[in-house]
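Student: Below are the structure tokens for one structure; questions will follow.
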Amino acid sequence: MKNKMAGTAYDLIPSQQTMHYMLKYSLHKQVMQIPMSLTVSEKLDFDTLQKAVEIECRRNDCMRLRYFKEKGQIRQYFTPDCKIGKIPVVTFKTKEEQEKHLTADAQKPIRFLKGEVFRIIFFRSYNGGTGIYINVCHLSMDATAVFLFFTDVLKVYNALKDGTEMPEPLYSFKDIIDKEFKYLADKERYKKDEEFYREYFLKDGEPFYAGVHGMDLLLKERKKKKNPNIRVPSAFDPIHDKADLIKITLDKKDAKKIFDFCGKHNISPACIIQMGLRSHVSKINERNPDVYFMELCNRRVSYKDKQTGGCVTQPLPVRAVIPEEKTFMEALEQLSGIRLQVYRHMNYPYMDSRNLVRELFGYGMTASPSSMMFTWLPLEFDCGKNWSYEFSGYNLGRYIMPLYTFSMPNLKNGGIDFYYMHRTNTISAEQIRALHTGAVKAILKGIENPSITVGQLLNEI
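Given below as structure tokens:
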């Protein structure tokens, strides 16, 4: 996939800079890639699927991004074409064999500075379906862009097989790059966003690190530094970054309760899931009402944005100080309002907001009040066929943060899939399972009785 540079070179936009920054917190290079697969219930023709991916490379310009280093900085350019070679086809007889093979690839770094930006594998699934696996550099795609890739490839495939017109063209990531630099040049707008975050971080005083592992890390640092007032420990360890991935599926019955409640009260699934997660970590951190998560926002608002690949995602700081006297419904409304506030300022670069927090509270390089990265992937998926679909994420083996939680609808069984990628030296598998159990309990008890207070809720989970 290595190509000579042709055309204009661009700096990385803030979203890409954030993803590249992850490398500075890990000695291992696989932290900056996305390995995912889509399995469909039908037996697809691999020769036609190969042609569909080749066409996709021309339709989807983020697949033609290439990277190089200039004066210590990563820069990028678009190649006019993309030669991908013959995509391998693998047949799996068991679920364990399939998981092992694809996880092994997930943990091999993408050598993005050497022309390798993605790897694709086709497979015959153990359950009789057909799979497409992609492992892609995070500079080129975020998770939403990966789903767009899957959707568009299958639409192209169907057009080739059925002899129909190609799906409508995708929009250009180059336009996103131009828009991002235009925002950075608008000093007045940038300053307004900066002032919002300054006030946002200061209004409740110094944040508190509410870890999934409880108070142990914080208490250890307080003892070490002989300072009982420390609220944020050094949670980031660039050496001990080994990670594991735990997947837990919530059944269809309970998932329906969540979706029905969200529809009735106009609350997003992301908000209610985050409410459940924060309830558990609040309880195990001496019931501290101050919980601070990073939420990955894909920042695609318009239809055009949603039909554009690339890496647009940025983490947004969601800090909620919720008193125990509030009801579950009032707490949800407060959390929803906070998320709406930060979403209005989602174009402000994450690296700048992170530096602002460090400046305001005097944090070192490895300290951050956020104990978790969280994202909800809505999976609006339709390729025009009445097929059954199944998405899977894979363990990178390494990660920079203590925990990255992402959840999405399970299109095959109607449930909700929860993925917990946790650093094993910081958070144990038992603590992850306790987090999931506590979060689900809080959500379902709150749905059953929205007038229950937060304090009562914490007593019951």
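Under our numbering, think of the first position of the sequence shown as 1463, with each following residue one higher.
C-beta: ideal position from N, C-alpha, C; glycine also.
Note that the structure is predicted; figures quoted are calculated from it, not measured.
#1: Taking the CB atoms as reference points, tell me whether L1632 and D1614 lie closer together than 8 Å.
#2: Cα separation between R1586 and E1852?
#3: Determine the extent of the beta strand (DSSP E) in which R1684 is found, giving its start and end residues.
#4: Just verifying my parser: in three-state terms, what is the DSSP assignment at L1822?
#5: In three-state terms, what does DSSP make of R1816?
#6: I'd like the span of the beta strand (DSSP E) that includes L1707, first residue to last.
#7: Closer than 8 Å by C-beta to I1729: which residues in its own chain qualify, once you throw out the five before and the five after it? Chain order, please.
#8: Extract the residue ranges of the alpha helix (DSSP H) inside the region 1565-1640, only unbroken runs of 4 or more that lie entirely within it.
#9: With K1925 and Y1588 assumed to form a contact (beta carbons below 8 Å), what rounded beta-carbon distance in angstroms separates them?
#10: List the residues that DSSP assigns as beta-bridge partners of F1836.
#11: For K1464 and A1568, I'd like the C-alpha separation in whole angstroms.
#12: Using only alpha-carbon positions, find the residue among E1787, I1800, M1808 and A1904 that is nearest to P1476.
#13: Specify, as a first and last residue, the run of the alpha helix (DSSP H) that D1655 falls within.
#14: Assign I1878 to one of three DSSP states: helix, strand, or coil.
#15: Grab me the residues of Y1645's own chain with a C-beta within less than 8 Å of its C-beta, minus the 5 sequence neighbours each way, in chain order.
#16: In whole angstroms, what separates the C-alpha of L1680 from that of L1858?
#17: Report the three-state DSSP secondary structure of Q1769 (helix, strand or coil).
#18: If distances are taken between C-alpha atoms only, which option among E1757, S1741, C1759 and N1760 comes closest to P1751?
#19: Assess contact between the region 1763-1774 and the region 1782-1796, defined as three or more Cβ pairs (one per stretch) separated by less than 8 Å. Is contact present?
#20: For G1593 versus S1499, is the C-beta distance shorter than 8 Å?
#21: Whose C-alpha, out of I1735, F1530 and G1577, is nearest the C-alpha of C1544?
#22: With a cut-off of 8 Å, do at least 3 Cβ pairs link the region 1870-1890 to the region 1525-1537?
#23: Grab me the residues of P1811's own chain with a C-beta within less than 6 Å of its C-beta, minus the 5 sequence neighbours each way, in chain order.
#24: Count the other C-beta atoms from every protein chain shown that fall within 10 angstroms of the C-beta of G1771, then say buried if there are 16 or more, exposed otherwise.
#25: Find the nearest neighbour of A1697 within the set T1886, F1611 and D1624, judged by alpha-carbon distance.
#26: For I1889, which residues of its own chain have a beta-carbon under 7 Å away from its beta-carbon, when the five flanking residues on both sides are left out?
#27: For L1897, which residues from the same chain have a beta carbon less than 6 Å from its beta carbon, with the 5 sequence-adjacent residues on both sides left out?
#28: What span of residues does the beta strand (DSSP E) with R1528 cover, start to end?
#29: Taking buried to mean at least 16 other C-beta atoms within 10 Å of its own C-beta, is G1547 buried or exposed?
#30: Among all the DSSP beta bridges, which residues are the ones paired with S1854?
#31: Which value, in whole angstroms, describes the spacing of the CA atoms of K1466 and K1617?
#32: So who's on the other strand from L1778, going by DSSP bridges?
#33: Are there three or more Cβ pairs, one per stretch, closer than 8 Å when the region 1705-1723 is compared with the region 1837-1850?
#34: Can you tell me where the beta strand (DSSP E) with A1471 in it begins and where it stops?
#35: Do you know offhand how far L1906's Cα is from K1726's?
#36: Just how far apart, CA to CA, sit Q1538 and R1781?
Tutor: Looking at the coordinates:
#1: Here residue 1632 is taken as the residue at index 170 of the sequence shown, counted from 1. Here residue 1614 is taken as the residue at index 152 of the sequence shown, counted from 1. D1614 sits close to L1632, with the two beta carbons spaced by under 8 Å.
#2: Counted from its first residue, the sequence shown places residue 1586 at position 124. Counted from its first residue, the sequence shown places residue 1852 at position 390. Cα to Cα, the separation comes out at about 14 Å.
#3: Working through the sequence shown from its first residue, we reach residue 1684 at position 222. In the DSSP assignment, R1684 falls outside any beta strand (DSSP E) and within the unbroken alpha helix (DSSP H) covering D1678 to K1686.
#4: The residue you call residue 1822 lines up with position 360 of the sequence shown. Here L1822 sits in helix by DSSP.
#5: Mapped onto the sequence shown, residue 1816 falls at position 354. For R1816, the three-state secondary structure derived from DSSP is helix.
#6: Here residue 1707 is taken as the residue at index 245 of the sequence shown, counted from 1. Membership of L1707 in the beta strand (DSSP E) is indicated by the continuous run A1705 to L1712.
#7: As a first step, residue 1729 is located in the sequence shown; it is residue number 267 there, counting from the start. So the qualifying residues of the chain are F1723, L1794 and S1798.
#8: Within the region 1565-1640, the runs of alpha helix (DSSP H) at least 4 residues long that lie entirely inside it are, in chain order, 1605-1624.
#9: Within the shown structure, residues of the chain are numbered from 1463 to 1923, placing residue 1925 beyond reach of any answer.
#10: Residue 1836 sits at position 374 when you count from the first residue of the sequence shown. DSSP, once it has assigned bridges, lists E1757 and T1867 as partnering F1836.
#11: Locating residue 1464 in the sequence shown gives position 2, where the first residue counts as 1. Locating residue 1568 in the sequence shown gives position 106, where the first residue counts as 1. Note that K1464 scores 44 on pLDDT, short of 50, meaning its location in the model is unreliable and no value can be drawn from it.
#12: Against the sequence shown, residue 1476 aligns to sequence position 14. Here the closest residue by C-alpha is M1808.
#13: Within the sequence shown, the letter at position 193 stands for residue 1655. Note, D1655: alpha helix (DSSP H), K1649 to L1664.
#14: For the purposes of this step, residue 1878 is identified with residue 416 of the sequence shown, where counting begins at 1. In this structure, I1878 counts as strand in the three-state DSSP scheme.
#15: Translated into the one-based positions of the sequence shown, residue 1645 becomes position 183. Close CB contacts of Y1645 within its chain, under the 8 Å cut and outside five residues either way in sequence, are with R1651, Y1652 and N1809 (chain order).
#16: Translated into the one-based positions of the sequence shown, residue 1680 becomes position 218. Translated into the one-based positions of the sequence shown, residue 1858 becomes position 396. Each residue's alpha carbon lies about 27 Å from the other.
#17: Taking the first residue of the sequence shown as 1, we reach residue 1769 at position 307. Three-state result, Q1769: coil.
#18: By one-based count along the sequence shown, residue 1751 stands at place 289. The shortest C-alpha separation from P1751 is found at S1741.
#19: Between the region 1763-1774 and the region 1782-1796, the count of C-beta pairs closer than 8 Å stays below three; the two stretches do not touch.
#20: Position 131 of the sequence shown, counted from the first residue, corresponds to residue 1593. Position 37 of the sequence shown, counted from the first residue, corresponds to residue 1499. Against a cut-off of 8 Å, the Cβ pair of S1499 and G1593 comes out as a contact.
#21: Residue numbering aside, residue 1544 sits at position 82 when the sequence shown is read from its first letter. G1577 is the residue among I1735, F1530 and G1577 whose C-alpha sits nearest the C-alpha of C1544.
#22: Contact fails: fewer than three Cβ-Cβ distances are below 8 Å.
#23: Taking the sequence shown and counting its residues from 1, one reaches residue 1811 at position 349. Cβ neighbours of P1811 beyond the five flanking positions: P1476.
#24: Locating residue 1771 in the sequence shown gives position 309, counting from the first residue. That one is buried.
#25: Taking the sequence shown and counting its residues from 1, one reaches residue 1697 at position 235. Of T1886, F1611 and D1624, the residue nearest in Cα terms is T1886.
#26: Taking the first residue of the sequence shown as 1, we reach residue 1889 at position 427. Within its own chain, the residues whose Cβ lies closer than 7 Å to the Cβ of I1889, once the five positions on either side in sequence are excluded, are V1674, H1675, P1864 and L1865, listed in chain order.
#27: Looking up residue 1897 in the sequence shown gives position 435. Correct list, in chain order: V1674 and H1742.
#28: Counted from its first residue, the sequence shown places residue 1528 at position 66. In the DSSP assignment, R1528 falls within the unbroken beta strand (DSSP E) covering L1527 to E1532.
#29: Taking the sequence shown and counting its residues from 1, one reaches residue 1547 at position 85. So G1547 counts as exposed.
#30: Along the sequence shown, one-based indexing puts residue 1854 at 392. S1854 is bridged to S1499.
#31: Here residue 1466 refers to the residue found at position 4 when the sequence shown is read from its first residue. Here residue 1617 refers to the residue found at position 155 when the sequence shown is read from its first residue. Because the pLDDT of K1466 is 49, which lies under 50, any placement of that residue in the model is unreliable, and the number read from its coordinates should be weighed accordingly. Computed Cα separation, rounded: 30 Å.
#32: Start at 1 with the first residue of the sequence shown, and residue 1778 comes out as number 316. In DSSP, L1778 forms a bridge with E1757.
#33: Cβ pair count under 8 Å is below three, so no.
#34: Taking the first residue of the sequence shown as 1, we reach residue 1471 at position 9. Residues A1471 to D1473.
#35: By one-based count along the sequence shown, residue 1906 stands at place 444. By one-based count along the sequence shown, residue 1726 stands at place 264. Note on geometry: alpha-carbon atoms of L1906 and K1726 lie some 15 Å from one another.
#36: What you label residue 1538 is simply residue 76 of the sequence shown in a count that begins at 1. What you label residue 1781 is simply residue 319 of the sequence shown in a count that begins at 1. Rounded to the nearest whole angstrom, the CA to CA distance from Q1538 to R1781 is 34 Å.
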